[in-house]
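Numbering (my numbering), first residue to last: 199 to 627. Notes follow the structure.
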Amino acid sequence: MVQTRAEKKQEKEFAKREKKRVREKRKAQILLKRKAAEHGKKLLAPQSRAKRRSGTIIVSGGEKGLRGLKNMGMTCFINVVLQACSCTKKFREYYLDYFKANAPLHFSKFTISKRTSQVLLNEVENPEENEEKLEEEEETSEAVLSTRIHHLFRVLWTSSLDTQLSCIRPTEFVSGIWQNVSDQFEGYEQQDAAEFFEFLLGRLEHELSSQEKKAQENFIKDNIQGSLKYSTRCLKCGTVTERIETFLNLRLHFPSTVMETYNKYSNKRSRKESHSDIRCSLFECFEATFADEQLTGEHLYECGNCNSKEEAVRTCQLHHLPDIFIMSLSRIVCQQKRQIKITNHVSFPSSLNEFPKSLIESSTIKTETPYSLNAVIVHDGLDTRHGHYRCLCLYDEDHLWYEFDDEKVKSITQEELEKENAYVLVYSR
């Protein structure tokens, strides 16, 4: 079901407490950040031969698009989001082509080594002029993260570096988050990858809106932003009110068969034993998310026609489906003032051909073109503030699946992919 006001309020209060806790530790983190900046000047990882373990290829030669990202201290939640974006072709091509054609190409000392910078600077005209504009552009540009994503994608996907580069340190991008954009994700603590994904897309949309006023177009809005239609019907007078709400990352809830188990058992041991065999599908999560909501008791509807609070029924439908459809499973729930992770397995298809008719507004949605799965973000651990993130991506050069585990990249089979406990799913069409 769609989140109630009480649940949203509880989540906001929890977010405030977390933000306060992070700020209290900022003084200690500044010292760590300075040390990381000193070590961040080194980028090129030691080259090694490709290894084989149980038939799985461990990629270490640095082929374009299959380069790992160095973990700079609990930054795996950033790495997996960057790899998911990099392996989504439409997203990658936009940030490569648009900025290559419309903005000077600069390479910060935090991103790549001087030798690698020169290789890439040779691809554009007037490299000396570009170098001279580096400081001025970084100080005045509103596209802090957009420009740095462009730089990062150029390094990840430049074929001329295949024999030199197997792993890079994304210091420029991470420092852009810490110093210029947000203190929410600052410091060396684990964060929620789904929250960061949504934040990143929102920031990129803001930067594009600031830059593209004349063109009146925005890649994030046009290709990643979807919308939901909420309809609320008063049970007293029958009046229906509607509103449209946009999303960049659609949060999906688990079906009642799973949630009832977590609510029934209070201690970790019994809960683990009770739900281990309960599985569900992605479409069951869709149905649970878009189930009708009964507004009764403390959640009465303020009816404008009746001028009073009345019982009502609220329905939600998909109003607009984006070409790049990002969704995350609500695996973290607040129970008895603590976070609990739902570890049940959710089966997900490699392609989305159609949605249940009850979930979509047929007058505004076209479903002729199927979605293909591009990336899956997986979280290993008890909750999103601890543990580790991995990203599983479909490599469009050979149409095989690869696991990006920070600096390590290896191929995986379709069977291995389907066994993973997905947290964030990226589909595109």
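All C-beta atoms in this analysis are idealised placements derived from N, C-alpha and C, irrespective of residue type, glycine included.
DSSP bridge partner residues for V544 (one or two, in chain order): To locate residue 544, count along the sequence shown from 1; it is residue 346. V544 is bridged to C478.
Would you tell me roughly how many angstroms separate the C-alpha atoms of E440 and S548, rounded to the nearest one? As a first step, residue 440 is located in the sequence shown; it is residue number 242 there, counting from the start. As a first step, residue 548 is located in the sequence shown; it is residue number 350 there, counting from the start. Those two C-alpha atoms are separated by around 33 Å.
Whole angstroms is fine: what's the gap from T356's alpha carbon to Q377's? For the purposes of this step, residue 356 is taken as the residue at position 158 of the sequence shown. For the purposes of this step, residue 377 is taken as the residue at position 179 of the sequence shown. Taking the straight line joining both Cα atoms gives about 27 Å.
Rounded to the nearest angstrom, what separates F523 and F275 at their Cα positions? The count along the sequence shown starts at 1 and reaches residue 523 at position 325. The count along the sequence shown starts at 1 and reaches residue 275 at position 77. One C-alpha to the other measures close to 19 Å.
Which residue from F397, V279, Q281 and L516 puts its Cα closest to that of L450? On the sequence shown, position 252 is the one that residue 450 refers to. With distances taken between Cα atoms, L450 lies closest to L516.
Contact with chain C by F394, beta-carbon distance below 8 Å: Annotation note: the requested chain C is absent from the structure, which comprises a single protein chain.
Could you pull out every residue in the same chain whose Cβ sits closer than 7 Å to the Cβ of K288, ignoring the five residues on either side in sequence? Taking the first residue of the sequence shown as position 1, residue 288 is located at position 90. N421, D521, I522 and S626, listed in sequence order.
When burial is assigned at 16 or more other CB atoms within 10 Å of the CB, is N551 buried or exposed? Within the sequence shown, numbered from 1, the residue matching residue 551 stands at position 353. It counts as exposed.
Which of the three DSSP states, helix, strand or coil, is assigned to D420? Locating residue 420 in the sequence shown gives position 222, counting from the first residue. It is helical.
Taking the alpha-carbon positions, what's the N447 to A486 distance? Within the sequence shown, the letter at position 249 stands for residue 447. Within the sequence shown, the letter at position 288 stands for residue 486. If you take the alpha carbons of N447 and A486, they lie about 17 Å apart.
With DSSP as the reference, label W355 as helix, strand or coil. For the purposes of this step, residue 355 is identified with residue 157 of the sequence shown, where counting begins at 1. Correct three-state label for W355: coil.
Determine whether the beta carbon atoms of F553 and A620 lie at a separation below 8 Å. The residue given as residue 553 occupies position 355 in the sequence shown. The residue given as residue 620 occupies position 422 in the sequence shown. It is not a contact, given that the beta carbons lie outside the stated cut-off.
H349 burial status per 10 Å Cβ neighbour count (16 or more: buried): To locate residue 349, count along the sequence shown from 1; it is residue 151. Classification of H349: buried, given that the 10 Å Cβ count is 16 or more.
For Y344, count the other beta carbons within 10 Å of its own beta carbon; 16 or more makes it buried, fewer makes it exposed. Which is it? Translated into the one-based positions of the sequence shown, residue 344 becomes position 146. Inspection of the sequence shows that residue 344 is occupied by Ser rather than by Tyr. It is buried - the Cβ of S344 has at least 16 other Cβ atoms within 10 Å.
Over what stretch of residues does the beta strand (DSSP E) that includes R449 continue unbroken? Counting from 1 along the sequence shown, the entry for residue 449 is found at position 251. Segment L448 to L450, the beta strand (DSSP E) holding R449.
Determine contact between the region 277-288 and the region 569-581, defined as no fewer than three beta-carbon pairs at a distance below 8 Å. yes
Quick one: using the 10 Å Cβ neighbour count with 16 as the cut-off for buried, is N542 buried or exposed? Taking the first residue of the sequence shown as 1, we reach residue 542 at position 344. Buried: at least 16 other Cβ atoms inside 10 Å.
Using the three-state DSSP reduction, which class does D578 fall into: helix, strand or coil? Indexing the sequence shown from 1 puts residue 578 at position 380. D578: strand per DSSP, three-state reduction.
Span separating the alpha-carbon of S373 from that of G271: The sequence position of residue 373 within the sequence shown is 175, counting from 1. The sequence position of residue 271 within the sequence shown is 73, counting from 1. Each residue's alpha carbon lies about 13 Å from the other.
With distances taken from CA atoms, which of N505, R588, I540 and A282 is nearest P453? Stepping through the sequence shown from its first residue, residue 453 is reached at position 255. Residue I540 is the option with its Cα nearest to P453.
Could you tell me the boundaries of the alpha helix (DSSP H) in which Q409 lies? Position 211 of the sequence shown, counted from the first residue, corresponds to residue 409. Here the alpha helix (DSSP H) through Q409 covers A391 to Q409.
Can you give me the C-alpha to C-alpha distance between T254 and N416, rounded to a whole angstrom? To locate residue 254, count along the sequence shown from 1; it is residue 56. To locate residue 416, count along the sequence shown from 1; it is residue 218. Only weak support is given to the placement of T254: the predicted model assigns it a pLDDT of 41, under 50, and the value that follows is read from those uncertain coordinates. Roughly 40 Å separates the two Cα atoms.
Can you tell me which residues form a DSSP beta bridge with W599? As a working mapping, residue 599 is identified with position 401 in the sequence shown. L592 and I610.
Considering only residues of the same chain and omitting the five flanking positions on each side of K507, which have a CB-CB separation below 6 Å? Taking the sequence shown and counting its residues from 1, one reaches residue 507 at position 309. L498 and E500.
Out of V342, Y569, N572 and L426, state which residue places its alpha-carbon closest to the alpha-carbon of S408. Taking the sequence shown and counting its residues from 1, the one referred to as residue 408 is at position 210. The option with the nearest alpha carbon to S408 is V342.
Same chain, Cβ closer than 8 Å to D604, five either side skipped, listed in chain order: Along the sequence shown, one-based indexing puts residue 604 at 406. Hits under 8 Å: G266, L267, K268, N269, C274 and N277.
Considering only the beta carbon of each residue, do C504 and K434 sit closer than 8 Å? Taking the sequence shown and counting its residues from 1, the one referred to as residue 504 is at position 306. Taking the sequence shown and counting its residues from 1, the one referred to as residue 434 is at position 236. It is a contact, given that the beta carbons lie within the stated cut-off.
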